[in-house]
Ligand code: GRF
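In the numbering used here, the protein residues as written are 244 to 436.
1) Within 10 angstroms of its Cβ, does residue 282 collect 16 or more other Cβ (buried), or is it exposed?
2) What are the start and end residues of each continuous beta strand (DSSP E) run of 3 or more residues lying completely inside the region 348-393, in chain order?
3) Please confirm if the region 401-411 is in contact with the region 364-380, defined as three or more CB-CB distances below 8 Å between the two stretches.
4) Taking 8 Å as the threshold, find out whether the region 289-301 comes into contact with the region 253-265 through three or more Cβ pairs.
5) Would residue 341 be called buried (16 or more neighbouring beta carbons within 10 Å of its own) or exposed?
6) From the DSSP output, in three-state form, read off residue 244 for me.
7) Excluding the five sequence neighbours on either side, which residues of its own chain have a C-beta within less than 6 Å of the C-beta of residue 427, listed in chain order?
8) Would residue 388 be called buried (16 or more neighbouring beta carbons within 10 Å of its own) or exposed?
9) Would you call the region 342-358 in contact with the region 380-399, where contact means no fewer than 3 C-beta pairs closer than 8 Å?
10) Based on DSSP bridge pairs, tell me the residues matched to residue 399.
11) Between which two residues does the beta strand (DSSP E) carrying residue 334 extend?
12) At a cut-off of 6 Å, is residue 357 close to the ligand GRF when judged by its beta-carbon and the heavy atoms of the ligand?
13) Would you give the residue range spanned by the alpha helix (DSSP H) that residue 267 belongs to?
14) Less than 6 Å between C-beta atoms, sequence neighbours within five positions excluded: which residues of the same chain meet that for residue 289?
15) Take residue 446 and list the residues in its own chain whose beta-carbon comes closer than 7 Å to its own, dropping the five residues that flank it on each side.
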């Protein structure tokens, strides 16, 4: 196994919009010697995202982009990524859809985590929809991002059982715990570790 030091790890930006619990788990992972990535930049479309606090705690640069004008936001975002020599992007609860043009610039280098067993339940409100359909299992998926929502090539999935008295809230909590383990594992897989 090749060990990467802080200097030769893959420079990664994590994009968030909210709580940032996956961001936290990715930062913790990136600090391990065995991690192929370092988290060098945090991007948010939401200035009130709670996850931005992890930037302060772990002293990682963060930048906010207003996506009301997506074209301008993405143009400035690409400049920021270039300035910071970012090579890979991890979407972690980022609630904006990136344009085809943006994705092309980072082709094969954008990952996303989604709280369902894709291709089932793309989009929002996944847990309630799974419960409404009386699914026995749900889970989470890490996948490459392409221009269609939650549709890129699947890297890894974790399946979990839905209990008899499950609610959308309890299911979300259970799956989130698994997400925090799955994202680092998927990154290892991407880099053939
Ligand atoms: C996670 O469930 C993730 O799968 C989805 O949005 C949620 C983000 O949670 N895309 P957090 O902000 O990482 O806590």
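C-beta: ideal position from N, C-alpha, C; glycine also.
Straight from the coordinates:
1) Buried, by the Cβ-count rule.
2) Listed in chain order, the complete beta strand (DSSP E) runs (minimum 3 residues) inside the region 348-393 are 353-357 and 380-387.
3) Three or more pairs of CB atoms, one per stretch, sit closer than 8 Å, so the region 401-411 contacts the region 364-380.
4) Enough Cβ pairs lie closer than 8 Å, so yes.
5) Flag for residue 341 reads buried.
6) Because the pLDDT of residue 244 is 44, which lies under 50, any placement of that residue in the model is unreliable, and the number read from its coordinates should be weighed accordingly. Reduced to three states, the DSSP call for residue 244 is coil.
7) Here the set comprises 272.
8) Label assigned to residue 388: buried.
9) Contact between the region 342-358 and the region 380-399 is established, with three or more Cβ pairs separated by less than 8 Å.
10) Residue 399 is bridged by DSSP to 385.
11) That run of the beta strand (DSSP E) goes 331-334.
12) At least one heavy atom of the ligand GRF sits closer than 6 Å to the Cβ of residue 357.
13) Taken as a continuous stretch (DSSP letters only), the alpha helix (DSSP H) holding residue 267 covers 264-273.
14) 260, listed in sequence order.
15) With the chain running from 244 to 436 in the structure shown, residue 446 is simply not present.
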